[in-house]
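Protein chains: 2
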Amino acid sequence: MKIELITIGDELLLGFTIDTNAAHLARALADIGVQIERRTTVGDTAEEIGAAVREALDRTGAVITTGGLGPTSDDLTKASIATLFGRGMRFDEEHWAWMAERWRTRFQREIPEANRQQAMIPDGATKLRNNHGSAPGIWLEDERGRWVAMLPGVPREMRGMLADTLLPMLRERVTGDRVVRSRTLRTTGVPESLIAERVGAIDGGVGDVALAYLPNVDGVDLRVTVRGASSAEADRRLDGAVRRLRDAFPREIYGEGDADLAAVVLELCRARGLRLAVGESCTGGMLGARVTRIPGSSDVFVGGVIAYANEIKTSLLGVAADLIRAHGAVSEEVARAMASGARARTGAEIGVGITGIAGPDGGTPEKPVGTVWIAADVRGDARAALLHSWGDREEVRQRAAQAALNLVRRMLAGD
Amino acid sequence: MKIELITIGDELLLGFTIDTNAAHLARALADIGVQIERRTTVGDTAEEIGAAVREALDRTGAVITTGGLGPTSDDLTKASIATLFGRGMRFDEEHWAWMAERWRTRFQREIPEANRQQAMIPDGATKLRNNHGSAPGIWLEDERGRWVAMLPGVPREMRGMLADTLLPMLRERVTGDRVVRSRTLRTTGVPESLIAERVGAIDGGVGDVALAYLPNVDGVDLRVTVRGASSAEADRRLDGAVRRLRDAFPREIYGEGDADLAAVVLELCRARGLRLAVGESCTGGMLGARVTRIPGSSDVFVGGVIAYANEIKTSLLGVAADLIRAHGAVSEEVARAMASGARARTGAEIGVGITGIAGPDGGTPEKPVGTVWIAADVRGDARAALLHSWGDREEVRQRAAQAALNLVRRMLAGD
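Which chain is which? The protein sequence lines are A and B, in order.
Under our numbering, residues 1103 to 1517 are what the first sequence spells out, in order.
Under our numbering, residues 1103 to 1517 are what the second sequence spells out, in order.
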């Protein structure tokens, strides 16, 4: 099944909002073998909405829209598409009663009359239940089987309705058993060119799958994709490709799919009964923030020190002022002392130290912007590494946090 | 001038990459009075690219594309659009020589032959200089004045080429002086409904401008927009609207445009010669990371303690264990002690404390998920506030960091 996606909203077109719904929909639909052929974004005008939906229906006969279902005069999706289908609009008493009840229990007040528009439904349409907001989704289909599914634009509502209602409907409609299926392996700390070289050397390659290299700030992801096979066949081919890649990169691959290196490291620590502490300079708390983003991190992560100023490195992490004077704050010696200080001051078994020059200023010929020392101390066994990072301030910091996590991972894995 | 935007790439269509180029282009073009009428995303197939560009040219005669200019077989943009214009492709010796030189100086090696494709140019096209990568952009125009500008898909290259080359070209082409112009005022800590109520009470409203409420995790932005006026007239009307809004929200508006509350607070501290330290529990370093994201923060921000575990609150921030036992870690008393402890332990004039329940677990009937206490101690003058936050773990944490910054801002402003 091929469909087109139309995202509606002046906010999107003017660039005030980044369209995250489109990516979410594409991935969710690919999982059930539905491919988005084209995506269009139009503003909040009835003509533009009508034209874009008509053209898309002519091409594929199957369209999903997001946005324009709210209560204000900007919200024109339902009426525009009803007109296109030659349908009138009717007031849905049942939905109105449900909304009124929702306002009473949730906001302790009567629903404003202005919201009546949200209860207007095209004739002959099917409502799609919204468990996360007040606008119903709409399914409208003509006698030739051409259909439009209208979802809300608010990401939380859209995602909920997609999962609860639309995906199950579409799954039933997908004829045959042809799927598009992918798996992604995550690497960090290896340049793309080196990965490509080693992939090229795999005997027989990765088999009959498409392989894509997806570099990002945290590393390079390797995505293998099979299209147009049966579900079982796709899984078999993907399994084979994943096995070959894992054999070729036994140390570099830290996880699959959306795996977060912080979660991987927490799990490794947990399994060994080790607690983690940080001493952060240029990252300013970013590593701690990243680790504590993971629910349940508190049984491993105890905290640490943000030692942005040199005096704090000395007073709260115990880094000798002489050491900083002798080697500079951005040095292997100071990174090691920060890691060990984080351990000693918190009582954790593992301490991590990060000190570097994130830019845009502060670089010197010897230590240019992007120079970052990281260190980890696991029960007194310490290691350090020097990064020559690139990109803007935030990228340098993000790479430093990722590299520090990876250093801990490899030490715990015994690499 | 109305144009259409076509973003090209399987990655975008499959949802593996979120399309940030589209939003960036829309905002940059709006600044020079160019409006994007419609945006389309297609995959890496010659037919889809050709069809989408043809349809867009038929509608507006002016098209910008991003993506598909790289060296691999996926990169079909130039050839597809050349075919549409009835043009052949020629090998550009000059560009090839430039690329070869770039490889020699940058990578110390000869350029691979595979890259020849990047030096292929449609007949009669104008190259758009790329200062951030090796693919040139392309400007192709027919005898009727219809044009396509092809930009690279890599955001950094696209943004550079847009600013360096394409925007100046388009600025010259924009006929007349009709612009779309916006200004955005940022508020935090006030619910949208309360803002709407107070805007409604402004005598004469905000004048002849469109007003949009843009709620986000950090607060509610107020955007005023004028369309189709002259540049001077638009500025005059926007100035008036901004003045009225600032009068109505003298304390709630903390900045304009992309203003970051962390930068505002740093500036307030800097002007008063005050240094800032943090004591973070549930945010785990997020506030420190956010403050240090701002270049030059080191003259104000000294660092602090990530006190995720209660023992760290005691050992590194000096929060009495009895206090935690008596009131719980998430309490006004502990937040105040963390703020004061951050000051005392670092020697900074301002200390901030944050302690809360970010979820998804850990809530109780008395202190449900989303309960966060924040406190600030400015030279011994301390204030605390209780937040009842909502959303997921990351949103609760982000709101807590924002509210803590706002508390400092209001204390320094004497509110």
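Beta carbons: idealized from backbone N, C-alpha and C, even for Gly.
Original post:
Nearest-angstrom Cα distance between T1385 (chain B) and I1452 (chain B)?
Top reply: Roughly 18 Å separates the two Cα atoms.
Original post:
Using the C-alpha atoms, what's the distance from R1501 (chain B) back to H1234 (chain A)?
Top reply: 21 Å
**OP:** Decide if the segment 1275 to 1291 of chain A is in contact with the segment 1314 to 1327 of chain A; the criterion is three or more beta carbon pairs, one per stretch, under 8 Å apart.
**Re:** yes
Original post:
Taking 8 Å as the CB-CB limit, is R1447 (chain B) close to chain A?
Top reply: yes
Original post:
Among the residues of its own chain, which have a CB less than 6 Å from the CB of G1357 (chain B), if the five just before and after it don't count?
Top reply: R1288, V1366
Original post:
Taking C-beta to C-beta, are N1232 (chain A) and M1263 (chain A) nearer than 8 Å?
Top reply: Contact flag set, yes.
Subject >> Identified DSSP bridge partners for E1433 (chain B) >> reply: Correcting the residue type first, residue 1433 (chain B) is Ser in the shown sequence and not Glu. S1433 (chain B) is not bridged to any residue.
**OP:** Over the uninterrupted beta strand (DSSP E) stretch that includes G1247 (chain B), give me the two end residues.
**Re:** Note, G1247 (chain B): premise wrong, no beta strand (DSSP E); not H, not E.
**OP:** Let me know the secondary structure DSSP gives R1485 (chain B) once reduced to three states.
**Re:** strand
Subject >> Contact set between the segment 1398 to 1429 of chain A and chain B, restricted to residues whose Cβ is under 9 Å from the partner >> reply: G1398, S1399, S1400, F1403, V1404, G1405, G1406, V1407, I1408, A1409, Y1410, A1411, E1413, I1414, K1415, S1417, L1418
Original post:
Three-state secondary structure (DSSP) at K1180 (chain B)?
Top reply: helix
Subject >> Proximal residues to A1158 (chain B) (C-beta, below 8 Å), its chain only, five neighbours per side dropped >> reply: E1106, I1108, R1140, T1142, V1165
Original post:
Can the beta-carbon of W1475 (chain B) be found closer than 8 Å to that of S1433 (chain B)?
Top reply: yes
Subject >> Rounded straight-line distance, which links the Cα of A1124 (chain B) to that of L1376 (chain A) >> reply: If I take the Cα positions, the gap works out to 45 Å.
**OP:** Put A1151 (chain A) into one of helix, strand or coil per three-state DSSP.
**Re:** For clarity, residue 1151 (chain A) is Ile in the given sequence; the question names Ala instead. DSSP places I1151 (chain A) in helix when its eight states are reduced to three.
Original post:
Going along chain A, which residues have a C-beta under 8 Å from L1389 (chain B)?
Top reply: Going along chain A in sequence order, the residues near L1389 (chain B) (Cβ under 8 Å) are G1387.
Original post:
What three-state label does DSSP hand H1197 (chain A) in the structure shown?
Top reply: helix
Original post:
So, are the CB atoms of L1368 (chain A) and V1402 (chain A) less than 8 Å apart?
Top reply: yes
Original post:
Looking at V1155 (chain B) and L1186 (chain B), is the spacing between their C-beta atoms short of 8 Å?
Top reply: yes
Original post:
Beta-carbon separation of A1361 (chain B) and V1301 (chain B) under 8 Å?
Top reply: Contact: no.
Subject >> Three-state secondary structure assigned by DSSP to T1290 (chain A) >> reply: coil
Original post:
For R1481 (chain A), which residues from the same chain have a beta carbon less than 6 Å from its beta carbon, with the 5 sequence-adjacent residues on both sides left out?
Top reply: E1451
Subject >> Interface positions of the segment 1129 to 1148 of chain A facing chain B (Cβ-Cβ less than 9 Å), listed along the chain >> reply: R1129, A1130, L1131, A1132, Q1137, I1138, E1139, R1140, R1141, T1142, T1143, V1144, G1145
Original post:
Name the chain A residues that come within less than 9 Å of G1117 (chain B), Cβ to Cβ?
Top reply: A1124, A1125, H1126, L1127, A1128, R1129, A1130, L1131, A1132, I1138
Subject >> CA nearest to the CA of L1178 (chain A), picked from A:G1163, A:Q1137, A:P1224 >> reply: Nearest C-alpha to L1178 (chain A): A:P1224.
Original post:
My guess is that V1281 (chain A) and A1336 (chain A) are in contact by the Cβ rule of under 8 Å, so how many angstroms apart are they, rounded?
Top reply: About 5 Å; that satisfies the 8 Å criterion.
**OP:** Put S1383 (chain B) into one of helix, strand or coil per three-state DSSP.
**Re:** S1383 (chain B): coil per DSSP, three-state reduction.
Subject >> chain B contact for A1478 (chain A) (CB, 8 Å cutoff) >> reply: no
**OP:** Quick one: give me the first and last residue of the beta strand (DSSP E) that Q1504 (chain B) is part of.
**Re:** Segment 1495 to 1514 is the alpha helix (DSSP H) holding Q1504 (chain B); no beta strand (DSSP E) there.
**OP:** Whole angstroms is fine: what's the gap from D1479 (chain A)'s alpha carbon to V1407 (chain A)'s?
**Re:** 15 Å
Original post:
Of the choices B:A1148, B:G1170, B:D1517, B:L1313, whose alpha-carbon is the least far from that of R1339 (chain B)?
Top reply: B:L1313
**OP:** Please state whether DSSP places L1340 (chain B) in a helix, a strand or coil.
**Re:** helix
Original post:
Can you find at least 3 beta carbon pairs, one from the segment 1457 to 1474 of chain B and one from the segment 1442 to 1449 of chain A, that sit closer than 8 Å?
Top reply: In short, these stretches do not touch, since the Cβ pair count stays below three.
Original post:
Alpha carbon to alpha carbon, how far is P1462 (chain B) from G1398 (chain A)?
Top reply: 9 Å
Original post:
Residues in its own chain within less than 8 Å of E1113 (chain B) by CB, not counting five upstream and five downstream?
Top reply: T1119
Subject >> 8 Å Cβ cutoff, L1316 (chain A) in contact with chain B >> reply: Closer than 8 Å: yes.
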